[in-house]
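Novice: Structure in structure tokens, see below.
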Amino acid sequence: MNPNTNELVKSSMELENSFSSSSHVIDTLVSEGEPPATIYSIPDRYNKDTLRVLLVNTKKYYVYWEISDKTLEEQGLDLNKDKLYFKVSSKDGAELFEFTSSFALGEYFIKLQFENMKIVVSVGKKVDDKFEELFNSNKVHTFSSKMNLPSKEDELWAKRNLSWTEIVRSTMKEAVLGTSSAEQVKELERLRHFTQMEEEKLSSSTIHKGIKND
Amino acid sequence: MIKGYWVPVLHSHLPFVKHPKYENFLEEHWLFEAITECYIPLLKRLKGLEDEGVDFRLTISMTPPLAEMLDDDHLMDKYQKYLDKQIELGNKEVERTKGDEHFHPLAVFYRDIFIESKEFFNGFLEGNVLTGYKYFYNKGSMEVITCGATHGFLPILSVNVQAVRTQIEIAVQAHTRHFGRAPKGIWLPECAYYDGLDEILNEKGIKFFIVDSHALTYGRPTSLNGVYTPTYTPSNVAAFGRDALSSKQVWSSKEGYPGDINYRDFYRDIGYDLDFDYIKPYINPDGVRVFTGYKYHKITGETDYKEAYNPGIAKEITKGHAADFHFHREKQMEHLSSLMDRTPMVVSPYDAELFGHWWFEGPEFLCNMFREIHKNGTLKVITPIEYLNMYPKNQVVNPNPSSWGDKGYYDVWLNEGNAWIYRHLHEMADVMQEYAQKHFHTNDSNLSRVLTQMLRELLLGQSSDWAFLMTTATATEYSVNRTKEHISNFNELKGMIDYNNIDFAKLKEFEEKNSIFAFINFKIFITS
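Shown next, in the form of structure tokens:
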């Protein structure tokens, strides 16, 4: 690792938040004429089961939902007396946050920090105080708000040669097949095949182990 | 000896605005002003640099909506009329200011700018601004890159992955049609990145993109050289990080160069200053006063007191500012070199419309910077691809989700004021996917037309500009109405299919107004 990384990162981040595209030039370019002649109508609701989570910033997430009449009926939900329960979970199932709503169509801004992880939101009802999921949302990878310096093993370098090459992982040569998960095995096989091809095609091709050789 | 590489990047973008029913539509003037104040002045000066023998490199994103508008006959006919009107106003101004030692030369100065713009537009540019970009692109001094098809904010659209794929695929196709070759790079709309986007970029043949600094410094893992070398994503696309220091010197209206008291004041304009009856024919027909481009004052100071602008003095000052910018880059590169084992690189991205519109002297400054680099020989101006050719080996970093907006994340495009739009945009994308799949093998050309127009309405609704302008409270009413228009049109077209009753007059009206991407077919939503 470059011993000066901290200084380079500090320099990269300096002034970063002192200005931004919030002062886009389009702001000064646009002006508005008379009020629009046509007023357009748009649907109030779509009557479809929908649940989505969107990132806003490191401490804010937007959730919107719609529960169809059909689902409400099938689930025996009467939102005049029942509630919808929403759960935010990480990829590994850890529960991070929950909130409730009495509206079949709604939105909610979650104001909490979920650092650098995949999250999903589920909506459900409570039966005998137990959460029963109706359906869940898209998954999103949250923001990171800090440096993540690599270990020697995690420091990867890639080289673009005559063709746009693939990544050669620093741990490649030490990899042992058979002890990894199916996904890892597949990737290692792919990389091994690629490395062999590279070595045959390009004598200059190297395995990069966290060192730079421009 | 080369101390460092400078990679200037200009992002050129305007949302697609076309109102064929109206002879004069104020929002269409956004494009006409940008052509006259930004694109033509820059292209003219770059041609001048070439004639002087100054070697330069400029990376410019030309977004598909802007390229489509610049290539639109209806809009360009209107632009010719706009220029004629501006020249007519100039002649009146020359007459009105006769005998005024300060304002008369300025009236002549502006009138001549419009006359020369018209000559350049119809001469070198052959009536199409894209001709100028193609000229330098083909010469190798300009790297023209693309953007999302309609500048859609990709992280928020990504709940339907086909929506993102379609934005990129159409962008690549549009670029190829306008410039005769596929783009090597992309300006991600608002520099907005989300986890996994690189896979789609790689599929579409994109080699590099630009991100804000915290995309790399907070990436997984952190970029070891900060933003001073590019990194590769896990899908082998190069990510170049924005250098904040060099950006601020130009961006900041207070501390940056554009705030110099001798530069032209943006806000004082005869459209607001002169008698209503006199200026009425040259402002909006409904009587709303607008900028005319005839601006006779310099910044002078922070008060309302303004002195007459002197273009000659301002031009000289751009030389000093270019020399200062060069000096600071040299010092920055020297410092960075001491920390790195290779020659550092600084990427400075700006909105192209900053140069010439808001900062009138901006194009002159930029060209003087190229002259400084050419003269001194200590820095080298290059494109991202040239850097990658010199330094093909770079660290692998999964960039942090981010944008170049206020606070660096997605707040500007998703907040309490504009969140309502996404429920509709997501539903439209899902319906588009369902209908495109269902009718993929149709032989019915009318059905195909309806589905293709549905896709255009979806794409235009996805433009990040509407959400942005709602947040900044600029042209809010127009932005809200444009969003609603595309949602409404989409659902009306869907209804035509659902009830097997195509309203051909309505369909034609939609096709003529929202005519972007004449080459597309709805199937692209599935095949992209």
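Chains as they are written, first to last, in my numbering: chain A, 23 to 236; chain B, 10 to 537. Even glycine gets a Cβ: it sits at the ideal position worked out from N, Cα and C. What you are looking at is a predicted structure, and each value in this text was computed from that prediction instead of being measured.
In this structure, how does DSSP classify residue 404(B) when only helix, strand and coil are distinguished?
Specialist: Taking the second sequence and counting its residues from 1, the one referred to as residue 404(B) is at position 395. In this structure, residue 404(B) counts as strand in the three-state DSSP scheme.
Novice: Measuring only the C-alpha atoms, how far is residue 167(A) from residue 227(B)?
Specialist: As a first step, residue 167(A) is located in the first sequence; it is residue number 145 there, counting from the start. As a first step, residue 227(B) is located in the second sequence; it is residue number 218 there, counting from the start. Approximately 6 Å, taken between the alpha carbons.
Novice: Identify every run of the beta strand (DSSP E) within the stretch 82–149 of chain A, keeping only runs that are complete inside it and at least 3 residues long; order them along the chain.
Specialist: Within the stretch 82–149 of chain A, the complete beta strand (DSSP E) runs of at least 3 residues are 82–88, 106–112, 117–123, 127–132, 140–149.
Novice: Start and end of the beta strand (DSSP E) containing residue 14(B)?
Specialist: The residue labelled residue 14(B) in the question sits at position 5 within the second sequence. Run containing residue 14(B): 13–21, per the beta strand (DSSP E) assignment.
Novice: List the residues that DSSP assigns as beta-bridge partners of residue 269(B).
Specialist: Within the second sequence, the letter at position 260 stands for residue 269(B). Paired residue(s): none; residue 269(B) is not in a bridge.
Novice: Any beta carbon from chain A within less than 8 Å of residue 330(B)'s own beta carbon?
Specialist: The residue given as residue 330(B) occupies position 321 in the second sequence. No - not a single Cβ of chain A is within 8 Å of the one on residue 330(B).
Novice: Any idea what DSSP makes of residue 108(B), helix, strand or coil?
Specialist: Working through the second sequence from its first residue, we reach residue 108(B) at position 99. Three-state result, residue 108(B): coil.
Novice: Would you please verify whether the beta carbon of residue 64(A) is less than 8 Å from any beta carbon of chain B?
Specialist: Position 42 of the first sequence, counted from the start, is the residue given in the question as residue 64(A). Cβ-Cβ to chain B under 8 Å: yes for residue 64(A).
Novice: Any C-beta of chain A within less than 7 Å: which residues of the stretch 151–177 of chain B qualify?
Specialist: Within the stretch 151–177 of chain B, the qualifying residues are 164, 165, 168.
Novice: From which residue to which residue does the alpha helix (DSSP H) around residue 323(B) run?
Specialist: Working through the second sequence from its first residue, we reach residue 323(B) at position 314. First-last of the alpha helix (DSSP H) with residue 323(B): 320–346.
Novice: Across the stretch 41–48 of chain B and the stretch 378–390 of chain B, are there enough close Cβ pairs to call them in contact, namely three or more that are closer than 8 Å?
Specialist: no
Novice: Secondary structure at residue 250(B), three-state DSSP: helix, strand or coil?
Specialist: Locating residue 250(B) in the second sequence gives position 241, where the first residue counts as 1. Reduced to three states, the DSSP call for residue 250(B) is strand.
Novice: Report the rounded CA-to-CA distance for residue 159(A) versus residue 261(B), giving the unit in angstroms.
Specialist: Position 137 of the first sequence holds residue 159(A). Position 252 of the second sequence holds residue 261(B). Each residue's alpha carbon lies about 41 Å from the other.
Novice: Express the C-alpha separation of residue 88(B) and residue 374(B) in angstroms, rounding to a whole number.
Specialist: Counting from one through the second sequence, the residue named residue 374(B) turns up at place 365. Counting from one through the second sequence, the residue named residue 88(B) turns up at place 79. About 27 Å.
Novice: Considering only heavy atoms of the ligand SAH, does any lie closer than 7 Å to the CB of residue 72(B)?
Specialist: This structure does not include the ligand SAH; it has no bound ligands of any sort.
Novice: Classify residue 169(A) as helix, strand or coil using the three-state DSSP reduction.
Specialist: Here residue 169(A) is taken as the residue at index 147 of the first sequence, counted from 1. Three-state result, residue 169(A): coil.
Novice: Counting only runs that start and end within the stretch 197–241 of chain B, where is the beta strand (DSSP E) found for 3 or more residues in a row?
Specialist: 217–220
Novice: Does any CB atom of chain A fall closer than 8 Å to the CB of residue 229(B)?
Specialist: Residue 229(B) sits at position 220 when you count from the first residue of the second sequence. It does; some Cβ of chain A falls within 8 Å.
Novice: How about residue 223(B) and residue 473(B): do their beta carbons lie closer than 8 Å?
Specialist: Stepping through the second sequence from its first residue, residue 223(B) is reached at position 214. Stepping through the second sequence from its first residue, residue 473(B) is reached at position 464. Not in contact: residue 223(B) and residue 473(B) (Cβ atoms no closer than 8 Å).
Novice: Any C-beta of chain A sitting closer than 8 Å to the C-beta of residue 337(B)?
Specialist: Along the second sequence, read from residue 1 onward, the residue named residue 337(B) stands at position 328. Closer than 8 Å: no.
Novice: Anyone know if the C-beta pair for residue 465(B) and residue 369(B) falls short of 8 Å?
Specialist: Within the second sequence, numbered from 1, the residue matching residue 465(B) stands at position 456. Within the second sequence, numbered from 1, the residue matching residue 369(B) stands at position 360. Cβ distance not < 8 Å, so residue 465(B) and residue 369(B) don't count as in contact.
Novice: Whole-angstrom Cβ separation of residue 448(B) and residue 460(B), contact assumed at under 8 Å?
Specialist: As a working mapping, residue 448(B) is identified with position 439 in the second sequence. As a working mapping, residue 460(B) is identified with position 451 in the second sequence. Rounded, the Cβ-Cβ distance is 6 Å, consistent with contact.
Novice: By DSSP, does residue 384(B) sit in helix, in strand, or in coil?
Specialist: As a first step, residue 384(B) is located in the second sequence; it is residue number 375 there, counting from the start. In the structure shown, residue 384(B) sits in a helix (DSSP, three-state: H, G or I).
Novice: With a threshold of 8 Å between beta carbons, is residue 26(A) in contact with chain B?
Specialist: Position 4 of the first sequence, counted from the first residue, corresponds to residue 26(A). It does: the Cβ of residue 26(A) has a partner Cβ on chain B nearer than 8 Å.
Novice: Counting contacts by CB-CB distance shorter than 8 Å, is residue 121(A) in contact with chain B?
Specialist: Taking the first sequence and counting its residues from 1, one reaches residue 121(A) at position 99. Not closer than 8 Å to any Cβ of chain B, the Cβ of residue 121(A) fails to qualify, so no.
Novice: Spatial neighbours of residue 12(B) within its chain, please: C-beta separation below 7 Å, excluding the five flanking residues on both sides.
Specialist: Against the second sequence, residue 12(B) aligns to sequence position 3. Once the five neighbours on either side are set aside, the close Cβ partners of residue 12(B) are 339, 342, 343, 346, 387, 388.
Novice: Could you check the C-alpha separation between residue 55(B) and residue 140(A) for me, to the nearest Å?
Specialist: Position 46 of the second sequence holds residue 55(B). Position 118 of the first sequence holds residue 140(A). C-alpha separation (whole angstroms): 47 Å.
Novice: Quick check: residue 269(B) and residue 195(B), are their CB atoms within less than 8 Å of each other?
Specialist: To locate residue 269(B), count along the second sequence from 1; it is residue 260. To locate residue 195(B), count along the second sequence from 1; it is residue 186. For residue 269(B) and residue 195(B), no; Cβs fall outside 8 Å.
Novice: Contact between the stretch 485–497 of chain B and the stretch 166–186 of chain B is defined here as three or more beta-carbon pairs at a separation below 8 Å; is this criterion met?
Specialist: no
Novice: If I measure Cβ to Cβ from residue 122(A) and keep anything under 6 Å in the same chain, skipping five residues before and after, which residues do I get?
Specialist: By 1-based counting over the first sequence, the position of residue 122(A) is 100. 105, 107.
Novice: Under DSSP, the alpha helix (DSSP H) around residue 73(B) begins and ends at which residues?
Specialist: Stepping through the second sequence from its first residue, residue 73(B) is reached at position 64. Element bounds for residue 73(B): 73–79.
Novice: Examine the Cβ distances between the stretch 419–427 of chain B and the stretch 153–172 of chain B and report whether three or more of them are shorter than 8 Å.
Specialist: yes
Novice: Could you check what DSSP says for residue 429(B) in three-state terms: helix, strand or coil?
Specialist: On the second sequence, residue 429(B) is found 420 positions in, with the first residue counted as 1. Note: residue 429(B) maps to helix in three-state DSSP.
Novice: Note the first and the last residue of the continuous alpha helix (DSSP H) segment covering residue 146(B).
Specialist: Start at 1 with the first residue of the second sequence, and residue 146(B) comes out as number 137. From DSSP, the alpha helix (DSSP H) with residue 146(B) extends over 139–148.
Novice: Determine the chain A residues that contact residue 433(B) at a beta-carbon separation under 8 Å, and present them in chain order.
Specialist: Here residue 433(B) refers to the residue found at position 424 of the second sequence. Chain A residues near residue 433(B): 64, 65.
Novice: Skipping 5 residues on each side, what residues in its chain have a beta carbon closer than 8 Å to that of residue 406(B)?
Specialist: Within the second sequence, the letter at position 397 stands for residue 406(B). Once the five neighbours on either side are set aside, the close Cβ partners of residue 406(B) are 225, 228, 229, 230, 231, 232, 240, 241, 242, 248.
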